[in-house]
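**Student:**
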Amino acid sequence: MTWTSPLELVRDALRGQRARDKDLRSLVSNLPYEGLEKGKQPNRYFPGNAIKTTKYSLLLFIPVNLFEQFHRLANIYFVGLAILNFIPVVNAFQPEVALIPICVIMSLTALKDAWEDFRRYQSDRKLNNMPCFIYSRREKQYMGRHWKDVQVGDFVKVFCNEIIPADLLLLHTSDTNSVCLVEMSNLDGETNLKQRRAMSGLCNTDPEFEPESFNSIVVCEKPNNNLNHFKCFVEKPDKEKVGAGIESLLLRGCTVRNTDHAVGFVVFAGHETKSMLNNNGPRYKRSKLERKLNIDVIFCVILLFAMCLVGAVGHYSWLQALPGVPPYLVPDSSGHLNSPSLSGFYMFFTMIILLQVLIPISLYLSIELVKIGQIFFINNDVDMYDPDTNSRVQCKSLNITEDLGQIEYIFSDKTGTLTENKMVYRRCSVMGTEYPHKDNAIRLAVLEGEETEEDVIFDQKPQPTKTTRSLDGSLEGNNFVDTRQHHRGRRRRKLSRSASTDVAFSSELETEVVPDRMLLQQLSRAQSSSGSGMIDPYLDFFLALTICNTVVVSMATAQRQRPAAASDNLSYEAESPDEAALVHAAKAYGFILLARTPDSVTVRLPSGKELVFELLATLTFDSTRKRMSVLVRHPITKEYVLYTKGADYAIMELLGTPYAERLSGNQKNIAADTQHHLDCYAKEGLRTLCFTKKVVSEKLYESWSVNRQRALAAIENREELVMDSAVELETNLSLLGATGIEDRLQESVPDTIVALREAGIQVWVLTGDKTETAVNIGYACRLLEEEDLVINMSCKNKLLCTSLLDCTLEEVRRYSADPRNVDTTPDISLVIDGRTLTMALESDLRDRFLELAKCCRSVLCCRVTPLQKSRVVKVVREKLKVMTLAVGDGANDVNMIQAADVGVGISGQEGMQAVMASDFSISHFKHLRKLLLVHGHWCYTRLANMIIYFFYKNVAYVNLLFWYQFFCGFSGTAMIDYWLMIFFNLFFTSLPPIMFGIMDKDVSAEVLLGVPELYRTGQGAGEYKFSTFWVSMLDAFYQSLVCFFIPYLAYKDSDIDVFTFGTPLNTISLFTILLHLSIEIKAWTWVHWVVMLGSVAMYFIVTLAYSGICITCNPPSNPYWILQSQMADPMFYLLCIITTVVALLPRYMFHVLRNSIAPSPLLQARQLDRMDPCAREQWIKEWRSFRGSRGVKCSRFSTPSSSNLESPVDIYPQSPTVSDMGDEFTLNVLTDSCERTLHT
Amino acid sequence: MMASSYNAKEEDGHHSGAANHGGAGAVKSKKPDNTAFKQQRLPAWQPILTAGTVLPAFFVIGLIFIPIGIGLYVSSNNIKEFEIDYTGVDISNPCYVCAKNFSWNSTTPCHCSVNFTLTQPFESNVFMYYGLSNFYQNHRRYVKSRDDSQLNGDHSALAYPSKECEPYRTSEGLPIAPCGAIANSLFNDTLELYYIDLNGTRNEIPLVKKGIAWWTDKHVKFRNPGGNNNLTVAFRGTSKPVNWRKPVYELDSTDLENNGFINEDFIVWMRTAALPTFRKLYRIIQKKSSTTPTLPSGQYILDINYNYPVLSFDGRKRMILSTISWMGGKNPFLGIAYITVGSICFFLGVVLLIIHHKYDTRNNSADIPN
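Protein chains in written order, with my numbering: chain A, 1 to 1240; chain B, 10001 to 10370.
1) Just the Cα atoms here: how many angstroms apart are Tyr815(A) and Asp827(A)?
2) Within the 8 Å Cβ cut-off, does Thr1085(A) reach chain B?
3) Less than 8 Å between the CB atoms is what I'm expecting for Phe268(A) and Gly245(A), so what's the real figure, rounded?
4) Would you mind reading off the limits of the beta strand (DSSP E) that contains His172(A)?
5) Cα separation between Gln1039(A) and Met1127(A)?
6) Going by the CB atoms, is the gap between Leu10334(B) and Ala1158(A) shorter than 8 Å?
7) Closest by CA to Ser1246(A), which one among Tyr10129(B), Ser10162(B) and Ser10029(B)?
8) Using alpha carbons as the reference points, say which of Ile547(A), Ala544(A), Ala586(A) and Glu579(A) lies closest to Val513(A).
9) Since Tyr1133(A) is in the alpha helix (DSSP H), which residue starts that stretch and which ends it?
10) Out of curiosity, what's the CA-to-CA distance linking Arg1190(A) and Val763(A)?
11) Classify Trp704(A): buried if its beta carbon has 16 or more other beta carbons within 10 angstroms, exposed otherwise.
12) Where does Tyr1133(A) land, buried or exposed, given buried means 16+ other C-beta within 10 angstroms?
13) In chain order, what residues of the same chain have a beta carbon less than 8 Å from the beta carbon of Asn1245(A), not counting five sequence neighbours either side?
14) So Gln10046(B) is in the beta strand (DSSP E); what residue range does that whole segment cover?
15) Does any residue of chain B have a CB that is nearer than 8 Å to the CB of Phe1132(A)?
16) I want to see whether chain B comes within less than 8 Å of Glu450(A), judged by CB atoms only; does it?
17) Which residues mark the beginning and the end of the beta strand (DSSP E) in which Lys693(A) is found?
18) Tell me the DSSP secondary structure of Asp260(A) in three-state form.
19) Spell out whether any CB of chain A is found under 8 Å from the CB atom of Leu10353(B).
20) Leaving out the 5 sequence neighbours to the left and right, which residues in its chain are closer than 8 Å to Pro179(A) when beta-carbon positions are compared?
21) Mind checking Ala10181(B): buried by the 16 CB within 10 Å criterion, or exposed?
22) Looking at C-beta atoms only, is the number of pairs between the stretch 981-990 of chain A and the stretch 1136-1151 of chain A that lie closer than 8 Å three or more?
23) When Cβ atoms are compared, which residues of the stretch 924-936 of chain A fall closer than 8 Å to chain B?
24) So, does the CB of Met10128(B) fall closer than 8 Å to a CB anywhere in chain A?
25) Extract the residue ranges of the alpha helix (DSSP H) inside the stretch 57-142 of chain A, only unbroken runs of 4 or more that lie entirely within it.
26) Exposed or buried, which one is Cys395(A) when buried takes at least 16 other CB atoms within 10 Å?
27) Can you list, in chain order, the residues of its chain with a C-beta nearer than 6 Å to that of His487(A)? Leave out the 5 residues immediately preceding and following it.
28) Are any of the Cβ atoms in chain A nearer than 8 Å to that of His10139(B)?
29) Distance check for Phe1061(A) and Glu10164(B), CA to CA, integer angstroms please.
30) If we count Cβ pairs, one from each stretch, closer than 8 Å, do we get three or more for the stretch 1004-1022 of chain A versus the stretch 10099-10114 of chain B?
31) Does the beta-carbon distance from Phe1044(A) to Leu1065(A) come in below 8 Å?
32) Can you name, in chain order, every residue of its own chain whose Cβ lies under 6 Å from the Cβ of Asp149(A), other than the five neighbours on each side?
33) Starting from Asp413(A), trace the alpha helix (DSSP H) both ways and give me its first and last residue.
34) Of all Cβ atoms in chain A, is any one closer than 8 Å to the Cβ of Lys10264(B)?
35) Beta strand (DSSP E) containing Cys10112(B): first to last residue?
36) For Val514(A), which three-state DSSP category applies?
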């Protein structure tokens, strides 16, 4: 090691900093520099692959941790007090002793932090020591190393099913097409395989990849956390630049599948990898309760200052009133006495120290402990466990559990949240002709009936958990035999259930489509007529279904270990369930997608012929265009064909010459007919997609292709350029047809929505779907009821919007003011589309809109963008000052989830973005019911009561000291031994409230679910009201007065000494405080008994031991033998009994009177709880029907019966149309489902 | 209604669990344990406080408290107590002169005698207290101003008293034993009691000065340095508290065992009173025989060696004679309190009975308002 001057080191560090901060990074291979010292390495400025997520190091733990802890105001306050205690003129206690509480609390927190950090350290070490292969020039081969050895510029080889150690630029794969399939579920949760392509034109000409021949410079952007975006180009020695994007990047944390091995160049390592940049720790939100609590802490501070002021003034006047210098006034060491005013001034600070406990020091720690306990119980709820995905509820935010009990507004996504996001192909329209697929509908209905009994439908979740792997043996065996056997195998699987539950789209229900007979006939006719020309629109329609997607075909025989779902051993890995549904639908008509490589798509036609389409370009889906296109070269006609699919409104305006007119001369307007069908589909609640075709001339393609390449290679504004190039091509399309896909409602969604609404929560649904689809789903999930007044707001310009808003508001006001409607709450629902919403949310209309929304029972926003979703949430949250909850499952809900007070993610089909951004993640919408109604209620009441109790406890105890000041000349004397005071707060009375906060159960889960109205007790201010705080403060004052003055009067003018007087006070206070809690405890389990009795026992044991051992310790209190002598005195017991009784009598009486005369809903629910389950259920039913007859809310389905939770998903209300929506429209399928509903 | 759904789920979980057995990489099910504790279904006692349920408690409390209160009241009333103020504020008071002229610096003792009459004889052991009013022995800095180690006989503390004793820590360069303000302000009046019998002769009443301090204080907490032999040697090199006339080892000239830190009067004083008006046990007058009262009714003379000035802080000095019962000295408060609380509880019980009849019956058919 050569010596380098410090100056050189600094310069090097600066250079490194600059290199890291540059917008573009130039990386070269490390191989030529192998073995050189670090200073010569070209990539030395970039961090290595070793990660360190720990916050502390062993040496610096104490200072760093202390620094972190002192960020909390409370800690600073208490350290300040402790320091104050070291100033001799003001100290109230032994200075050293005053440090104990803060030390205990801080060391407990430090221990917790250290433990967490150690766990991080362990996982880091495990990750850093994972094996990997790095190319070494010296050995001329890949050497086994550890992850931590990987450097930027290295060449790393990964094998199948291995995890990728760093972000690699893919240079070579074993696949002939230079493709590498990766599974990214670790990162984004999407379970389908992603195709990654090796950089073309670098080294993949040779069969064997030679890392040493790599002498280009890789220029890439700065590391960022965007998983779907990467910009980079490779500059070859001949200055030629080749662009690369995310499709050539293997991300750290992904798993290689289906590919034997791949070699990549390390671009980012360690903390700069995208997965690490995405890895944020738990988020800290502050709950509403905590915000209110902080206000009350400020009140406590004011109270403390007032009491200290009383002490200071009292001391001053007491000194003033003394006629001379009494022998009990101790001068300072020089024999000098302070003037009364100065003494009074000092006394103020002494009082602060004496009464410091008034500010609840341990409250914050206790709240944290309570929340850990509450989260433990939420996590362990077996009702919210989903056996299909093997997932529990996850609490990502650790400190907003109680917010769950106060929700007033729920903003919900539709797709994937209310619905399953499992698409079932229902019907299609080709060339303006509707094919209703009646057989398919019947089959679905039948299947559904069967499967419901077996409880299979809801078990199909596509998490590729390792359970499937256990089945490989049998499956792979099956793969070699013919399909018939495979079917049998599948049936067997279904019996054992585990396999079928783990695989997406494996059930026949979802993948298999019974073809429509008419359409089949039409198709065969088209085939025979067109011959090999392949220009029939019907054929084109199905080709579009098959080709225009990004579905990856994986063979069951391949390494990817997942049982094949389709026959022919084909398994489709789709990014979105719609695509898979469409591909399966096409398959039913004989158009089978056989393979997809980056350059080609292979399709088998019904005739059995296999066509290989050359794939020229894929214009991927984005939310602005709302469509995707695939440009292929037809193998027979050699035409360049662009197939586009997308949302109807995104397609309709791009239509050019109608296809059919040119072809058949039929003058019917296909576009209009299709649009009509689309509207029908939407009303039925189906998701619609339009398919178009465009033949591109060779000349156009050539020029476009050049543009496209330039756009792809661009490093700046690449997205925009790429999009522009796509838009350029997607014009003048010819409409082929449209499809309707059903997205089924999730289990128990209507029940859940009804329950949430009964709980006083307003439910808003924000969806990107069409108004008609959304309204239909709204009826299906009982967001809208038939008897509701539905206001549909949709207007083109702002003027119209304003007037409409005013009119409606007027109408609504009149409606509610109408005397006929006084008894019945007007059930008004609002449906608004995205464009109108934008206008309504502008600052001048916002208030009017919100006022209208407040009157509405439910609001349905359609066609909204992710940004609008979050704006709605923000506006409602800020303007109405309500607690909001947003629930969603997809990336488009992330904004909304983050904007709301509580974000709930549903771990569904669309990846993990929503879950990662959320505070709580659940697996089904129905779990929201228990999460809010039961856990939310519990957490809130528990914590609110605990906090109030905590305030009370501290005030009640500290006031004893305060009252004593009136009898000791306000000199700051404590009549209780300081150690015992510390123990009192730390040990004797700390555990019961924590246990109370974790375990108390006011009403059982069954009743809370059965009577959702109980949830309303927590909304708004809830139990933790301003008045509650002050009432408990008053009670604390009263109790402390009693606890002080009864012993005072009993011991007045006796020979009792200071600490002998304090002992019964301390004991009485303990009893009062604990018994006060036991009045508040609603359910006594053995844990409660143990904790309460244990606390009392601990008090006596510790105090007895302390006063038995301590002869001269802790002067001046001299606890020696005091409690023993007190306990030998009957007066002590008599005092304890009467004081406790008198202190608690008012509270006890208050509870009794309130419970007897004006019982709260919660109390009645508790009485309900005591009935036996049968009687209780009966009672709830009766009560519901009684309420129903009052006409408050007439709902047929609201009676919870045992069948409800198990009943089929899609209970449709009888008629989905409502007068406001216009058109009478009936569909046979719908009637079917209605009949079904009536039967069940 | 929930039961059926629970069952279905449990079965379901069981099935998939069983199917997982085959493979090597079977995933551990994350299904939470369905235990009563984790599912928060522990059997619990759920008391509901309503008039009906708490009625008996109120009557029981009333019925228990009232007899206790009566008992306490009666036994407190049986205690005989006599109190006489000898501060000497009024000119009529025999100690007026002493009170006026006396200060801490006086060297000559001042004597005064107070006559009083006991109208009732005191039967059992009589406790003689001195009482001080407006004397804040509980002042924070006063309470602290002592050194317990020194009082416990610790040699180093004897030579180097605690800082808390300031400014009564050293005097003329020597450490004060016992140091501190409490010791310095030791109550030093001496009281003697004479019975004037019918003949008019003064009969000195024997006052016992042993047993007035706590046993644990006398034997454990307070100890003389270096044992009890020759206290003069043990306390060599220390100085007496500034207000004292005699050093600590000469506090009791009559009983050598009662000197030094274990002097019982000193120990009693060192146990600082909780409240500004307090009494401290001074002497015990023991019952002589079962036939004659300890203190017969009649004329008495209290002879006071007036040493302790209290007028500087508006204090009062009293002498109290009292018999005691099992519950300590005379204090009717607790008895009255028990009777009052008992009655209130009884009354509340009746009120609740009425409320119970009016309201509680409809609870079963009650509905939950929105």
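Where a beta carbon is used, it is the ideal one built from N, C-alpha and C, also for glycine.
**Tutor:** So, from the listed chains and residues:
1) 10 Å
2) yes
3) That pair is no contact at about 15 Å.
4) Asp167 to Thr173
5) 23 Å
6) no
7) For chain A, the structure presents residues 1 to 1240; residue 1246(A) sits outside this window and is missing.
8) Ala586(A)
9) Pro1130 to Ile1157
10) For Arg1190(A), the predicted model reports a pLDDT of 40, less than 50, meaning its position is unreliable; a value from the coordinates is still stated below. Their Cα atoms are separated by approximately 23 Å.
11) buried
12) exposed
13) Residue 1245(A) lies beyond the stretch modelled for chain A, which goes from 1 to 1240, so this question has no answer here.
14) It is not in any beta strand (DSSP E) - Gln10046(B) carries neither H nor E in the DSSP assignment.
15) no
16) Summary for Glu450(A): the model assigns pLDDT 44, below 50, so the residue's position carries little reliability, and this model does not support an answer.
17) Leu686 to Val696
18) coil
19) no
20) Correcting the residue identity first, residue 179(A) is Val in this sequence and not Pro. Cβ within range, chain order: Thr173, Gln195, Arg196, Arg197, Ala198, Thr259, Thr597 and Pro598.
21) buried
22) no
23) none
24) no
25) 61-69, 73-84 and 100-128
26) buried
27) For His487(A), the pLDDT reaches just 40, beneath the cut-off of 50, and the residue's location in the model is therefore unreliable, although a value from the coordinates is still provided. Closer than 6 Å at Cβ, skipping near neighbours: no residue.
28) yes
29) 23 Å
30) no
31) yes
32) none
33) First-last for Asp413(A): Tyr409 to Asp413, but that is the beta strand (DSSP E), not the alpha helix (DSSP H).
34) Note that residue 10264(B) is Glu in the sequence shown, not Lys. Output row for Glu10264(B): interface = no.
35) Cys10110 to Leu10118
36) coil
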